[in-house]
Amino acid sequence: MSWQTYVDEHLMCDIDGQGQHLTAAAIVGHDGSVWAQSTSFPELKGPEVTGIMSDFAEPGHLAPTGLFLGGTKYMVIQGEPGAVIRGKKGSGGITIKKTGQALVFGIYGEPVTPGQCNMVVERLGDYLVDQGL
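Counting from 1, position 37 in the sequence shown corresponds to residue 170 in this note's numbering; the numbering is continuous, with no gaps.
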């Protein structure tokens with residue numbers, strides 16, 4: 134299965150059969166190289182990936198400044214130290230799951246809920262971890 138198929142069929146999928154979808158999604162290497170992304174995923178900037186990787190290494194690193202993705206600032210909220218970063222901006226937000234080799238990104242807006250985004254992103258991330266990726 135190609136990386137693009139993972140994004141298209143597992144991240145940008147219909148959530149709970151309700152016709153709701155993430156706004157954008159991507160799978161990105163730890164070095165910031167984009168493996169696959171939805172057409173709506175923002176362009177990553179090098180320092181943004183560096184900041185995200187620093188927060189996985191040192192949880193809380195992004196809390197004072199916020200999480201930036203494509204120039205958009207998200208307030209960092211509770212996640213799982215070293216494994217998941219979650220951010221909020223207005224009624225939307227972001228979930229990032231770290232695997233052995235990649236970062237799985239999901240961005241959502243209403244009517245998708247934070248819990249739905251977490252479920253979609255973390256389910257694929259856990260699968261990739263189980264596959265040694």
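Heads up, the beta-carbon is just placed ideally off N, CA and C, and yes, glycines get one too.
Give every residue of the same chain whose Cβ lies closer than 6 Å to the Cβ of Ala-157, excluding the five residues on either side of it in the sequence, and list them in chain order.
-> If we look at Ala-157 and ignore the five residues flanking it on each side, its Cβ neighbours are Ser-171, Ser-173, Phe-174, Ile-240.
Considering only residues of the same chain and omitting the five flanking positions on each side of Val-217, which have a CB-CB separation below 6 Å?
-> Lys-230
Smallest Cα separation from Lys-222: which of Tyr-139, Met-208, Gly-150?
-> Met-208
Met-186 in three-state terms, based on DSSP | helix
Does the beta-carbon of Met-134 have 16 or more other beta-carbons within 10 angstroms, so that it is buried, or is it exposed?
-> With fewer than 16 other CB atoms across the displayed protein chains lying within 10 angstroms of its CB, Met-134 is exposed.
Hey, Thr-228 and Val-262 are a contact pair by Cβ (cut 8 Å); roughly how many whole angstroms apart?
-> Between Val-262 and Thr-228 the Cβ distance is about 15 Å, and since that is not below 8 Å, they are no contact.
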